[in-house]
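Numbering (UniProt numbering), first residue to last: 1 to 125. All C-beta atoms, glycine included, are put in the ideal place defined by N, C-alpha and C. Here is the structure we will look at.
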């Protein structure tokens, strides 16, 4: 049974402008070390825009908005060895879903100047 669905789209150029205007510590505040290291190996702006889109999509799927930028580090967008994206949850977000047996499906897509993140949270029956 589906618990929640979230989708988010990011304009990569605008995301890059935001990163350039932001406090230099912004990336460290919202992305985990693993996310930052992964992005450095690729197109950093495109990769982080995709991960940001997934974080926002996840929050939409659970019906919660961004209340604190630091809490975004509790949503880690990682990749399996085969490249498939998945989410690791930490702290209060993991606790929020701990009473449910759940599965989180994630998709990230990049096309032109856009990055899209889709999250589907399902309860295991």
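In the same chain as residue 101, and ignoring 5 residues on each side of it, the C-beta atoms closer than 6 Å to its own belong to 124, in chain order. Per the Cβ contact rule, the stretch 4–19 is in contact with the stretch 113–120 (3 or more Cβ pairs under 8 Å). Counting only unbroken stretches of 4 or more residues, the alpha helix (DSSP H) elements lying wholly within the stretch 54–119 are 91–98, in sequence order.
Between residue 30 and residue 41, the alpha-carbon positions lie close to 18 Å from each other. Under DSSP, residue 8 forms a beta bridge with 117. Around the C-beta of residue 112, fewer than 16 other C-beta atoms lie within 10 Å, and the residue is accordingly described as exposed.
For residue 40, the uninterrupted alpha helix (DSSP H) run begins and ends at 33–40, by DSSP. An exposed status is given to residue 80, since fewer than 16 other beta-carbon atoms sit within 10 Å of its beta-carbon.
Within the same chain, Cβ atoms closer than 6 Å to the Cβ of residue 88 are found at 76, 78, the five residues on either side in sequence being excluded. Residue 50 counts as buried, since no fewer than 16 other beta carbons sit within 10 angstroms of its beta carbon.
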